[in-house]
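Working notes, beginning with the structure itself.
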């Protein structure tokens, strides 16, 4: 029988519910259990495809083309599983399905209501997450995180659905984990448990009694405080799990393992007791905390004010640092700022540069200038999606002499549209979930940097784009030195471009960051960091090295207690 764990959050948002969920998944996977993850998002959007990165952060793309909440990226990186669209459930998608059923007459003329019709659809999708291709359960544990905070009106249908779930599958097969905040106040840092008590009260009003409380705190919680929480919230003292801030998010699973979280879950759900295999994870955390080298990487993008907008790129660069035994200091540069200041000043002291994805005209000239500088100064360069497109435009302008070269997206009247819309996208009217999405095969040209980095003649990578390199200019670019080293199986689409006479200049139409793992860095990111270390002469890491903004963990995943309180205020 599949077991189900539901994770909720209380008091404030941004207290690490996603990282806690992902960490629990890692611990159960390390014990040999088959685990899948799911995010239940209360927003009415059908998916994350049209959501503003400033408000919502990154849109994560699954192998089968679902555009989802960034927490699915954390799940994939921690648990090392490839999730599908069944892992993402939104209010919008649930309502759409219920309304479609009503229009077809599936409800036989009945009055469609929140209970049972909406809650039944939510429960159906939770059960669906456990099913394999043959329709039978193929996982031991489903861990489903409910987005938002207990008390939010939009989250009530999901909470009601997970309350009912225990009655449907049996209480021995369901467990509730609640992530909450333990703040402290006053000059003596007095720890307060009342917010947690009230958060649990809200859950009880709905009919859910949590089995475990994960308590986010900056200060250590005494046994006396744990006993108090246990008494007032009606959970066992050992089920009050302390979750202090950690140096790196990848340390969180080890913290929870030491606190006994996974053993408690195994006992509560009646799972077989097995020994956790965490040696590799402990080794990578040790490498993160005590690197041998250091390198500085500029990350040029449009949405840098929200650190979550490029969270998978951030983590992929850190994974590459782990693989190269290096601390990667990230220097975030607004592409509009790069347009206004001398590029040699903005990129001074950098060992390499990455140009991020994006859409629209704002900041594109900054990305083009960055690509120009990196190419001329022999600086290691990685361009992703829009970053690749702007690198191609720069090459067209500077090397081919096409001064008005541009992308059709920005300048539809340009006489030299080196980047143009995909033919099958020309008549698309709806914006949401209509791009070229999901995993597609890419053939790698023999003898190229791409083939050497991957160690293969083909790969599968995830996509999210409408525009592509214009084949009318492909031959000109190739003759001028820009090699199309990655192609679609029908040779119609250019997936990778590179410069053979450059130490490291490679750009991709796809999003390699989505497949990077802390214990298995993506080859393109690993290559970038290796080239950057080569450029700086393998500069040794010093404990006196200042930690820049790039080393601050994701605001949605490891926000400090005070920051969380300020954000909520």
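Residue numbers (our numbering): 40 to 608.
Ideal Cβ positions, reconstructed from N, Cα and C, are used throughout, including at glycine.
Computed from a predicted model, the values in this text were never measured in an experiment.
For this session: Below 8 Å CB to CB, which residues in the same chain sit around residue 126 once its five sequence neighbours on both sides are set aside?
Result: What you label residue 126 is simply residue 87 of the chain shown in a count that begins at 1. Answer for residue 126: 75, 76, 77, 78, 101, 105, 107, 111, 114, 168, listed in chain order.
Exercise. Quick check: the segment 422 to 439 against the segment 544 to 561, are there 3 or more CB pairs under 8 Å?
Worked result: yes
Problem set entry | Bounding residues of the beta strand (DSSP E) (the contiguous stretch that carries residue 346) | Counting from 1 along the chain shown, the entry for residue 346 is found at position 307. First-last for residue 346: undefined, no H or E at that position.
For this session: Just grab the DSSP bridge partners of residue 254 for me.
Result: Counting from one through the chain shown, the residue named residue 254 turns up at place 215. Beta-bridge pairing links residue 254 to 219, 281.
For this session: Let me know if residue 311 comes out buried or exposed under the rule of 16 or more other beta-carbons within 10 Å of its beta-carbon.
Result: Numbered from 1 along the chain shown, position 272 holds the residue referred to as residue 311. Residue 311 comes out exposed.
For this session: Please report how far the alpha carbon of residue 41 lies from the alpha carbon of residue 352, in whole angstroms.
Result: Taking the chain shown and counting its residues from 1, one reaches residue 41 at position 2. Taking the chain shown and counting its residues from 1, one reaches residue 352 at position 313. Going from the Cα of residue 41 to the Cα of residue 352 covers about 34 Å.
Problem set entry | Which of helix, strand or coil DSSP assigns to residue 368 | As a position in the chain shown, residue 368 is number 329, starting the count at 1. It is a strand residue.
Exercise. Just how far apart, CA to CA, sit residue 198 and residue 326?
Worked result: Here residue 198 is taken as the residue at index 159 of the chain shown, counted from 1. Here residue 326 is taken as the residue at index 287 of the chain shown, counted from 1. When rounded, the distance between both Cα atoms is 40 Å.
For this session: Go ahead and pull the three-state DSSP assignment for residue 272.
Result: Taking the chain shown and counting its residues from 1, the one referred to as residue 272 is at position 233. If DSSP states are grouped into helix, strand and coil, residue 272 belongs with the helices.
Problem set entry | Spatial distance of residue 128 from residue 86 (CA atoms) | Counting from 1 along the chain shown, the entry for residue 128 is found at position 89. Counting from 1 along the chain shown, the entry for residue 86 is found at position 47. The alpha-carbon atoms of residue 128 and residue 86 are separated by roughly 8 Å.
Exercise. Helix, strand or coil: which one does DSSP assign to residue 95?
Worked result: Along the chain shown, read from residue 1 onward, the residue named residue 95 stands at position 56. Residue 95 falls in the helix class under three-state DSSP.
For this session: Mind the definition here: the segment 278 to 298 touches the segment 315 to 326 only if three or more C-beta pairs lie below 8 Å; say whether that holds.
Result: yes
Exercise. Terminal residues of the continuous beta strand (DSSP E) containing residue 80?
Worked result: Working through the chain shown from its first residue, we reach residue 80 at position 41. Residues 74 to 80.
Exercise. In terms of residues, what are the limits of the alpha helix (DSSP H) holding residue 59?
Worked result: On the chain shown, residue 59 is found 20 positions in, with the first residue counted as 1. Segment 56 to 69, the alpha helix (DSSP H) holding residue 59.
Exercise. Between which two residues does the beta strand (DSSP E) containing residue 402 stretch?
Worked result: Numbered from 1 along the chain shown, position 363 holds the residue referred to as residue 402. Taken as a continuous stretch (DSSP letters only), residue 402 belongs to no beta strand (DSSP E), as it is neither H nor E.
Exercise. Nearest-angstrom Cα distance between residue 220 and residue 260?
Worked result: Start at 1 with the first residue of the chain shown, and residue 220 comes out as number 181. Start at 1 with the first residue of the chain shown, and residue 260 comes out as number 221. Near 12 Å, if we compare the C-alpha coordinates of residue 260 and residue 220.
For this session: State buried or exposed for residue 255, treating a residue as buried only when at least 16 other CB atoms are found within 10 Å of its CB.
Result: Residue mapping note: residue 255 aligns to position 216 of the chain shown, counting from 1. Answer is buried; the Cβ neighbour count reaches 16.
For this session: Any chance you could list the beta strand (DSSP E) runs of at least 3 consecutive residues sitting entirely within the segment 476 to 517, in chain order?
Result: 497 to 504, 506 to 508
For this session: State yes or no: is the C-beta of residue 196 within less than 8 Å of the C-beta of residue 224?
Result: Locating residue 196 in the chain shown gives position 157, counting from the first residue. Locating residue 224 in the chain shown gives position 185, counting from the first residue. For residue 196 and residue 224, no; Cβs fall outside 8 Å.
For this session: Could you pull out every residue in the same chain whose Cβ sits closer than 6 Å to the Cβ of residue 455, ignoring the five residues on either side in sequence?
Result: As a working mapping, residue 455 is identified with position 416 in the chain shown. Excluding residues within five positions, the ones whose Cβ falls inside 6 Å are 441, 443, 444.
Problem set entry | Same chain, Cβ closer than 6 Å to residue 72, five either side skipped, listed in chain order | Here residue 72 corresponds to residue number 33 of the chain shown, with the count starting at 1. Correct list, in chain order: 179, 180.
Exercise. Under a Cβ-count criterion, where at least 16 other Cβ atoms within 10 Å of its own Cβ denotes burial, should residue 465 be classed as buried or exposed?
Worked result: Sequence index remark: in the chain shown, residue 465 carries index 426 (1-based). Classification of residue 465: exposed, given that the 10 Å Cβ count is below 16.
For this session: Take the Cβ of residue 374 as the centre, count every other Cβ of all protein chains shown within 10 Å, and call the residue buried at 16 or more, exposed below.
Result: Locating residue 374 in the chain shown gives position 335, where the first residue counts as 1. So residue 374 counts as buried.
Problem set entry | Spatial distance of residue 205 from residue 492 (CA atoms) | Here residue 205 refers to the residue found at position 166 when the chain shown is read from its first residue. Here residue 492 refers to the residue found at position 453 when the chain shown is read from its first residue. Answer to the nearest angstrom: the Cα atoms are 48 Å apart.
Exercise. Under the three-state reduction of DSSP, which class applies to residue 297: helix, strand or coil?
Worked result: Position 258 of the chain shown, counted from the start, is the residue given in the question as residue 297. Of the three classes helix, strand and coil, the one that applies to residue 297 here is helix, per DSSP.
Problem set entry | Reference residue 43, options 50, 60, 52, closest by Cα | The count along the chain shown starts at 1 and reaches residue 43 at position 4. Minimum Cα distance to residue 43 is reached at 60.
Problem set entry | Residues of its chain near residue 473, where Cβ-Cβ distance is below 6 Å and the 5 sequence neighbours each way are ignored | Walking along the chain shown from the start, residue 473 turns up at place 434. The residues are 467.
For this session: Measure the CB-CB distance between residue 561 and residue 348 and report whether it falls below 8 Å.
Result: Start at 1 with the first residue of the chain shown, and residue 561 comes out as number 522. Start at 1 with the first residue of the chain shown, and residue 348 comes out as number 309. No; because the gap between Cβ atoms is not below 8 Å, this pair is not in contact.
Exercise. Which value, in whole angstroms, describes the spacing of the CA atoms of residue 45 and residue 216?
Worked result: Mapped onto the chain shown, residue 45 falls at position 6. Mapped onto the chain shown, residue 216 falls at position 177. Spanning the two alpha carbons is a distance of roughly 6 Å.
For this session: Assign residue 200 to one of three DSSP states: helix, strand, or coil.
Result: Within the chain shown, numbered from 1, the residue matching residue 200 stands at position 161. Three-state DSSP puts residue 200 in a helix.
Problem set entry | Presumed contact (8 Å Cβ cut-off) between residue 117 and residue 109, rounded CB distance | The residue given as residue 117 occupies position 78 in the chain shown. The residue given as residue 109 occupies position 70 in the chain shown. Not quite, the Cβ-Cβ distance comes to about 13 Å (not below 8 Å), so this is no contact.
Problem set entry | Best match in 192, 418, 340, 481 for proximity to residue 500 [C-alpha to C-alpha] | Taking the first residue of the chain shown as 1, we reach residue 500 at position 461. Of the listed residues, the one whose Cα sits closest to residue 500 is 481.
Problem set entry | residue 266 in three-state terms, based on DSSP | For the purposes of this step, residue 266 is taken as the residue at position 227 of the chain shown. Reduced to three states, the DSSP call for residue 266 is helix.
Exercise. Do you know offhand how far residue 93's Cα is from residue 458's?
Worked result: Translated into the one-based positions of the chain shown, residue 93 becomes position 54. Translated into the one-based positions of the chain shown, residue 458 becomes position 419. The alpha-carbon atoms of residue 93 and residue 458 are separated by roughly 26 Å.
Exercise. Grouping DSSP H, G and I as helix and E and B as strand, with all else coil, what is residue 341?
Worked result: For the purposes of this step, residue 341 is taken as the residue at position 302 of the chain shown. In this structure, residue 341 counts as coil in the three-state DSSP scheme.
Problem set entry | Same chain, Cβ closer than 7 Å to residue 401, five either side skipped, listed in chain order | Taking the chain shown and counting its residues from 1, the one referred to as residue 401 is at position 362. Counting only Cβ-Cβ distances below 7 Å, and skipping sequence neighbours, we find 341, 375.
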